[in-house]
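Visitor: Sending over a structure as structure tokens; questions will come in a sec.
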Ligand code: SF4
Ligand code: SF4
């Protein structure tokens, strides 16, 4: 694609990066066919090619309006378009640069600014989030049904024993993060129980926390980089002591940690460490498939039928397709077919809170697809998707690690 950059952006390195991405797009439109917002809204400007065009025009000096920003805000950053694109266009990075510059140029109305600030002030901070959640749970009976369904129930205690590891030295680091640790602590407990059976000790660094993804999605780049630096500082002593991997059980956070190297590449104090952390980041399915699973006897307690919802962060960001499904089948579960499994469920980080109508429509479509094979349980790999789907699902939505942990022998 031919590009022209307005002279006022000439010295901006992010605009040079955007220009390079723009040039890689041949405007073929293949991506449009797999874009959930284009499918839903039917407007070229609510699809990847249209959004690329809007960013290109802005960087060339064309005036922008709030309608331009709205088309970019409606993008889920699900990256289905990147999976489809034959030219390898890094759409998500382009959209991030475009949003940041357009927001800086025209600003946002006060109400939107306050909402975004409130999300950043609560969600990445486990104590604040937990306090707010407790209030929500206490008031649940008084809330309107539509709102009450969005408040997750109190977590139940885990059913898995964690055997002592032999102390032979194998260890990995877990990111306990923010929302997942508060809403579904069972996910971490399941991971710990499974890895202990493989004689891998799971360590946590109390100073680590939010991966930074929420801030990044809300255009607070420096805040996101501060979260990343804090996590790197917290993990570094464990890494230098020999931890083999950083296991991230929420796939959205996993995608973010895998991008630390890129996000901090211009920070001389952290670039090297960030690249090392990114290289060590693993989804639990990668960790388990790299082990000798014959040492991990798995036998599903009931022949459950499971519909697996592959989060976009797993299939389009991390490009891990079929890994979780293989593990669930190996554990003895039966997987049901899920049509249009490449499409986003509408959760997409803070998207479901900022674009509730589109998010609810995509969720309902996703639930219809997931339930079409009459499963007993829906499994997924990301806390955001889990909460979003559960808010309207007639059947339980669980993290797949819990189902694998259920298949572990009860007594060693
Ligand atoms: S992003 Fe890729 S698929 Fe979409 S129009 Fe550009 S080259 Fe074609
Ligand atoms: S990231 Fe997802 S919603 Fe955004 S343009 Fe690409 S396919 Fe469409």
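In our numbering, the protein residues as written are 1 to 412.
C-beta atoms are modelled at their ideal positions from N, C-alpha and C, and glycine is treated no differently.
Given 8 Å as the limit, is there contact between the stretch 200-210 and the stretch 170-189, that is, 3 or more CB pairs closer than that?
Guide: Contact between the stretch 200-210 and the stretch 170-189 is present, because at least three Cβ pairs lie under 8 Å.
Visitor: Give a yes or no on contact between the stretch 97-107 and the stretch 263-279, applying the rule of three or more CB pairs nearer than 8 Å.
Guide: With a cut-off of 8 Å, the stretch 263-279 and the stretch 97-107 do not count as touching, because too few Cβ pairs lie within range.
Visitor: Taking DSSP as the reference, what is the three-state secondary structure of residue 338?
Guide: Along the chain shown, one-based indexing puts residue 338 at 338. Coil.
Visitor: So who's on the other strand from residue 10, going by DSSP bridges?
Guide: Position 10 of the chain shown, counting from 1, holds the residue named residue 10. Residue 10 pairs with nothing; no bridge assigned.
Visitor: Can you determine whether any heavy atom of ligand 2 sits closer than 7 Å to the C-beta of residue 396, and answer yes or no?
Guide: As a working mapping, residue 396 is identified with position 396 in the chain shown. Not so, every heavy atom of ligand 2 lies at least 7 Å from the Cβ.
Visitor: Is there at least one non-hydrogen atom of ligand 1 closer than 7 Å to the beta-carbon of residue 29?
Guide: Counting from one through the chain shown, the residue named residue 29 turns up at place 29. Flag set: Cβ of residue 29 near ligand 1.
Visitor: Where does residue 5 sit, in a helix, a strand or coil, going by DSSP?
Guide: Translated into the one-based positions of the chain shown, residue 5 becomes position 5. DSSP places residue 5 in coil when its eight states are reduced to three.
Visitor: Hey, would you say residue 364 sits closer than 8 Å to residue 392, going by beta carbons?
Guide: Residue numbering aside, residue 364 sits at position 364 when the chain shown is read from its first letter. Residue numbering aside, residue 392 sits at position 392 when the chain shown is read from its first letter. Contact flag set, yes.
Visitor: Please state whether DSSP places residue 200 in a helix, a strand or coil.
Guide: Numbered from its first residue, the chain shown carries residue 200 at position 200. The answer is coil: DSSP assigns residue 200 none of H, G, I, E or B.
Visitor: Report all residues from its chain with a CB closer than 7 Å to the CB of residue 345; omit the five preceding and five following residues, and keep chain order.
Guide: For the purposes of this step, residue 345 is identified with residue 345 of the chain shown, where counting begins at 1. Here the set comprises 309, 362, 363, 366, 385, 388 and 389.
Visitor: Please list the terminal residues of the continuous beta strand (DSSP E) segment that includes residue 221.
Guide: Stepping through the chain shown from its first residue, residue 221 is reached at position 221. Not the beta strand (DSSP E): residue 221 falls in the alpha helix (DSSP H), residues 221-240.
Visitor: Around the Cβ of residue 377, are there at least 16 other Cβ atoms within 10 angstroms (buried) or fewer (exposed)?
Guide: Working through the chain shown from its first residue, we reach residue 377 at position 377. Looking at its Cβ environment, which holds 16 or more other Cβ atoms inside 10 Å, residue 377 is buried.
Visitor: Between residue 414 and residue 295, what straight-line distance do the alpha-carbon atoms span, to the nearest angstrom?
Guide: This structure does not reach residue 414, given that the chain is present from 1 up to 412, and the question cannot be answered.
Visitor: Beta carbon of residue 36: closer than 7 Å to some heavy atom of ligand 1?
Guide: Residue mapping note: residue 36 aligns to position 36 of the chain shown, counting from 1. No, the Cβ of residue 36 stays beyond 7 Å of every heavy atom of ligand 1.
Visitor: Given 7 Å as the limit, tell me if residue 208 has its C-beta closer than that to any heavy atom belonging to ligand 2.
Guide: Within the chain shown, the letter at position 208 stands for residue 208. False, no ligand heavy atom lies under 7 Å from that Cβ.
Visitor: Locate the alpha helix (DSSP H) running through residue 257, then write down its first and last residues.
Guide: Residue mapping note: residue 257 aligns to position 257 of the chain shown, counting from 1. That run of the alpha helix (DSSP H) goes 251-258.
Visitor: Rounded to whole angstroms, what's the CA-CA distance from residue 257 to residue 139? Just pull it up for me.
Guide: The residue labelled residue 257 in the question sits at position 257 within the chain shown. The residue labelled residue 139 in the question sits at position 139 within the chain shown. Roughly 35 Å between the two C-alpha positions.
Visitor: Compare the C-alpha of residue 401 against each of 161, 1, 194 and 78 and name the closest.
Guide: Taking the first residue of the chain shown as 1, we reach residue 401 at position 401. Answer by Cα proximity: 194.
Visitor: How many Å lie between residue 70 and residue 349 at the Cα?
Guide: Taking the first residue of the chain shown as 1, we reach residue 70 at position 70. Taking the first residue of the chain shown as 1, we reach residue 349 at position 349. Taking the straight line joining both Cα atoms gives about 17 Å.
Visitor: Do residue 313 and residue 243 count as a contact pair if the criterion is CB distance below 8 Å?
Guide: Along the chain shown, one-based indexing puts residue 243 at 243. Along the chain shown, one-based indexing puts residue 313 at 313. No, these two residues do not count as a Cβ contact at 8 Å.
Visitor: Quick check: what's the CA-CA separation for residue 327 versus residue 404?
Guide: Here residue 327 is taken as the residue at index 327 of the chain shown, counted from 1. Here residue 404 is taken as the residue at index 404 of the chain shown, counted from 1. Approximately 8 Å, taken between the alpha carbons.
Visitor: Assuming the contact rule is C-beta atoms closer than 8 Å, residue 229 and residue 408 should be a hit. Round their C-beta distance to whole Å, please.
Guide: By one-based count along the chain shown, residue 229 stands at place 229. By one-based count along the chain shown, residue 408 stands at place 408. Not really, about 37 Å apart at Cβ, beyond 8 Å.
Visitor: Does the pairing of the stretch 253-270 with the stretch 299-307 give three or more beta-carbon distances under 8 Å?
Guide: As far as the Cβ criterion goes, the stretch 253-270 does not touch the stretch 299-307, which means the pair count is below three.
Visitor: For residue 68, is the beta carbon positioned less than 7 Å from some heavy atom of ligand 2?
Guide: Taking the first residue of the chain shown as position 1, residue 68 is located at position 68. Residue 68: no, Cβ never under 7 Å from ligand 2.
Visitor: Do you know whose CA, among 189, 1, 324 and 264, lies nearest residue 227's CA?
Guide: Sequence index remark: in the chain shown, residue 227 carries index 227 (1-based). Nearest C-alpha to residue 227: 264.
Visitor: Pull up the distance between the alpha-carbon of residue 144 and that of residue 136, whole angstroms please.
Guide: Here residue 144 is taken as the residue at index 144 of the chain shown, counted from 1. Here residue 136 is taken as the residue at index 136 of the chain shown, counted from 1. Going by the C-alpha atoms only, they are around 12 Å apart.
Visitor: Where are the beta strand (DSSP E) runs, 3 residues long or more, that stay fully inside the stretch 302-373, in chain order?
Guide: Listed in chain order, the complete beta strand (DSSP E) runs (minimum 3 residues) inside the stretch 302-373 are 305-308.
Visitor: Looking only at its own chain, which residues have a Cβ that is under 7 Å from the Cβ of residue 9, when we skip the five neighbours before and after it?
Guide: Position 9 of the chain shown, counting from 1, holds the residue named residue 9. The answer, listed in chain order, is 15 and 59.
Visitor: Three or more beta-carbon pairs under 8 Å between the stretch 110-125 and the stretch 50-64, yes or no?
Guide: No, the stretch 110-125 does not touch the stretch 50-64.
Visitor: Pull up the distance between the alpha-carbon of residue 44 and that of residue 382, whole angstroms please.
Guide: Translated into the one-based positions of the chain shown, residue 44 becomes position 44. Translated into the one-based positions of the chain shown, residue 382 becomes position 382. Those two C-alpha atoms are separated by around 30 Å.
Visitor: Just curious, the alpha helix (DSSP H) that residue 179 is in, first and last residue?
Guide: For the purposes of this step, residue 179 is taken as the residue at position 179 of the chain shown. Unbroken alpha helix (DSSP H) run through residue 179: 179-183.
Visitor: Going by DSSP in three states, residue 398 sits in which element: helix, strand or coil?
Guide: Residue numbering aside, residue 398 sits at position 398 when the chain shown is read from its first letter. Of the three classes helix, strand and coil, the one that applies to residue 398 here is strand, per DSSP.
Visitor: Can you check whether the CB of residue 36 is closer than 8 Å to the CB of residue 94?
Guide: Within the chain shown, numbered from 1, the residue matching residue 94 stands at position 94. Within the chain shown, numbered from 1, the residue matching residue 36 stands at position 36. No, Cβ-Cβ distance for residue 94 and residue 36 is not below 8 Å.
Visitor: Is the separation between the beta-carbon of residue 219 and that of residue 99 shorter than 8 Å?
Guide: Taking the chain shown and counting its residues from 1, the one referred to as residue 219 is at position 219. Taking the chain shown and counting its residues from 1, the one referred to as residue 99 is at position 99. For residue 219 and residue 99, yes; Cβs fall inside 8 Å.
Visitor: Does the distance from the CB of residue 372 to the CB of residue 323 come in under 8 Å?
Guide: To locate residue 372, count along the chain shown from 1; it is residue 372. To locate residue 323, count along the chain shown from 1; it is residue 323. Contact flag unset, no.
Visitor: When you compare the CB positions of residue 160 and residue 189, do they come within less than 8 Å of one another, or not?
Guide: Here residue 160 is taken as the residue at index 160 of the chain shown, counted from 1. Here residue 189 is taken as the residue at index 189 of the chain shown, counted from 1. Closer than 8 Å, so yes.
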